[in-house]
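Note sheet for the following structure.
Protein chains in written order, with the working numbering: chain A, 1 to 419; chain B, 1001 to 1107; chain C, 2001 to 2151.
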């Protein structure tokens, strides 16, 4: 039996034995299991944030791997006397996109920011000045709304240091001036009337989607021999049939590595074990292979294993992590893509989890680049002012599995095309 | 060729038919308005001209500015009265000229 | 042929995020006046007449990096009456110029599509000249969306 397994594993196993990384021990299932390098990292270490992403340090706040954010206050702060802030400064602050997107990301606020494409995730505050709220209440709600509503998704602007006390006083002064419904220049500016975006571009047309060009590139890589002399094509001569549905079953709990592997990390570990290719995650070669392998499974409904013990535990962790508050803005995945889904943050539509996976890796028109799902997770973290994890982090694996399960039944259409 | 232009022209048409032509040239279209990490302006490098001819006669052309998006895409039409060859030419700021041809059968 | 390989073009695209997402500066802005001056120069002394031109653009562009644009001019496109040149301007970009299209009777239709860069919400101004010396103009507002989480 054992000898037979080794024969079946032939090329890869023999070569690997000489490698630095260890190969998973052969067991009774090994015949069906693809060789993987099971130790070491599948992405660059130390992980370095991408060029051009905000370089701010968010280490004082939660990440998906670490709890660090300051605790929520238990009591509202006492504010002596009426607040006399500068309403004009407050009007600028609520529209300041350098402070976490501005209040307009979620609230309509009368004339603030010219009522230019405000969002509607949170209540319209255009008439808050008539609501009879006390200054202390307004101050504390902005400072840290959790003292009044523990379930709020509003960032704790004061506790997390996004605005100073004086700035919050200016904002309160401005809020008190808001006494009339917002006047919108066009219907598009009114988030309640703005039509939800419809994605109808031909994403598989290379004249529409440059992401498709990576398919050609991957087909070249497929034939390219790695340091061990073998190429993908050595074992996978007919990828069109061999990978007709594989990507739709990913990500997958992988007991040999002790985490959930998506297509990208699987490619890194499998290629290293078989051809010797160094296709680390978030490199052009890895992205191209991921696009291609997903592309081959286009039209196949997503169906991932969440039933086996390891997968179920990962799914549970993913569900829990997706509700964890992260970053300076203190958002969980579920804040934006659950509670606030199908609404506008400023001029951007917040999608629900279903529909956020079937098109990855996707071409991003705003960046002129292909992004895989892990880079998307990383950007979400950094965008809400939290530190991202390396793309091969086990936490991302858990979340990817949970997300994929919410997309079950949707047919892959990769590469997608999105803003 | 990896960076070849992408062109879509019908292979056949009826005499007098107006056909649709799509062209895309892979190119970064560096606008000359961006700065690098050190604050230095990245020099402009764009495809500034596209010319389409049919059987040697001018059909359509475009002068392009940096406000044309990366991978310049142009869609236009042609009235075809005879079989022949479309010739497409892209000119880069640095003088590079790329050409491509496509045939059409007109019945 | 000296060109970026597709691979390096893609890589540059990704690195581009480092610099400016849109690729054109959103600080220096053209003014509607400078666009008007360009139109006047193009029109060569004639006063453009409103009409005959249709401009297709998304009402709200998901970003300013690659906004699909189609322009068409209602014209017979015969040998003696056809649209010769169409000037496309964006009056809120650092420089208003976008493209000039040149048609011939062989074009069959005076219609062209491309993808453009827009630094912000602004007007697209299209002016067309015909072989008979007529000059038409039209403009359309396009809103460039604003993202949620900011900088």
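Positions of the beta carbon are idealized from the N, C-alpha and C atoms, including for glycine.
Remember, it's a predicted structure, so these values are computed and weren't measured experimentally.
Item                                                                                                                                                                          : Value
So the candidates are 1020/B, 1025/B, 1079/B, 1084/B; which of them puts its Cα closest to the Cα of residue 2106/C?                                                          : 1079/B
By DSSP, does residue 93/A sit in helix, in strand, or in coil?                                                                                                               : helix
Once you ignore the five residues that flank residue 381/A on each side, which residues in its own chain have a CB closer than 8 Å to its CB?                                 : 63, 64, 326, 327, 387, 388, 389
Would you mind giving the Cβ-Cβ distance between residue 260/A and residue 401/A, rounded to the nearest angstrom? I have them listed as a contact below 8 Å.                 : 5 Å
Does the Cβ of residue 348/A have 16 or more other Cβ atoms within 10 Å, making it buried, or fewer, making it exposed?                                                       : buried
Any C-beta of chain B within less than 7 Å: which residues of the stretch 2054-2069 of chain C qualify?                                                                       : 2065, 2066
Using 8 Å as the limit for Cβ to Cβ distance, is residue 100/A near chain C?                                                                                                  : yes
Quick check on this structure: which residue in 151/A, 172/A, 310/A, 105/A has the alpha carbon closest to the alpha carbon of residue 426/A?                                 : Nothing can be reported for residue 426/A: it is not among the residues displayed for chain A, which extend from 1 to 419.
Can you tell me the Cα-Cα spacing of residue 1021/B and residue 237/A, whole angstroms?                                                                                       : 36 Å
Which residue from 174/A, 151/A, 142/A puts its Cα closest to that of residue 159/A?                                                                                          : 142/A
Would the beta-carbon of residue 1094/B fall within 8 Å of that of residue 2098/C?                                                                                            : no
To the nearest angstrom, how far is the alpha carbon of residue 78/A from that of residue 185/A?                                                                              : 40 Å
Between the alpha carbons of residue 240/A and residue 298/A, how many angstroms are there, rounded?                                                                          : 11 Å
Show which residues of chain A have a CB atom less than 9 Å away from the CB atom of residue 2143/C.                                                                          : 116, 117, 186, 188, 189, 347
Determine the DSSP secondary structure at residue 2125/C, reduced to helix, strand or coil.                                                                                   : strand
Could you name the residues of chain B that residue 368/A contacts, counting a contact when the two beta carbons are closer than 7 Å?                                         : 1070
List, in chain order, every chain C residue whose beta-carbon is nearer than 7 Å to that of residue 419/A.                                                                    : 2062, 2063
Give a yes or no on whether the minimum CB-CB distance between residue 1024/B and chain A is below 8 Å.                                                                       : yes
Just to confirm my understanding: we take residue 494/A, look at its own chain, exclude 5 residues before and 5 after, and list those with CB closer than 8 Å. What are they? : Missing from the structure shown is residue 494/A; chain A here goes from 1 to 419 and no further.
Measuring only the C-alpha atoms, how far is residue 2070/C from residue 2141/C?                                                                                              : 14 Å
Strictly below 9 Å CB to CB, what residues from chain E border residue 1079/B?                                                                                                : Any reference to chain E falls outside this structure, whose protein chains are A, B and C.
Counting contacts by CB-CB distance shorter than 8 Å, is residue 1034/B in contact with chain A?                                                                              : no
Could you pull the start and end residues of the alpha helix (DSSP H) that residue 171/A belongs to?                                                                          : 165-175
Closest Cβ-Cβ distance between residue 1107/B and chain C: below 8 Å?                                                                                                         : no
I want to check one thing, is the minimum distance from the CB of residue 252/A to the heavy atoms of the ligand MG below 7 Å?                                                : Summarising the ligand content, the structure contains no ligands, and the ligand MG is consequently not present.
Is there at least one Cβ from chain B nearer than 8 Å to residue 210/A's Cβ?                                                                                                  : yes
Since residue 109/A and residue 94/A are thought to touch, with beta carbons under 8 Å apart, how far apart are those beta carbons, to the nearest angstrom?                  : 6 Å
Counting only beta-carbon separations shorter than 8 Å, does residue 415/A have a partner in chain B?                                                                         : no
Looking only at C-alpha atoms, which of 1063/B, 1031/B, 1035/B sits nearest to residue 1052/B?                                                                                : 1063/B
Please state if the CB of residue 1009/B and the CB of residue 1075/B are separated by a distance shorter than 8 Å.                                                           : no
For residue 285/A, collect the residues of the same chain with a Cβ closer than 7 Å to its Cβ; drop the 5 residues on either side in sequence, then sort them by chain order. : 221, 279
For residue 61/A, which residues does DSSP report across the bridge?                                                                                                          : Its beta-bridge partners do not exist; DSSP assigns none.
Quick check on the DSSP output: what are the complete beta strand (DSSP E) runs of length 3 or more inside the stretch 2087-2150 of chain C, in order along the chain?        : 2097-2103, 2110-2116, 2122-2130, 2135-2144
Quick check on DSSP: helix, strand or coil for residue 1060/B?                                                                                                                : strand
Can you grab the Cα-Cα spacing for the pair residue 2056/C / residue 356/A, in whole Å?                                                                                       : 29 Å
Does the count of Cβ pairs from the stretch 173-180 of chain A and the stretch 86-103 of chain A closer than 8 Å reach three?                                                 : yes
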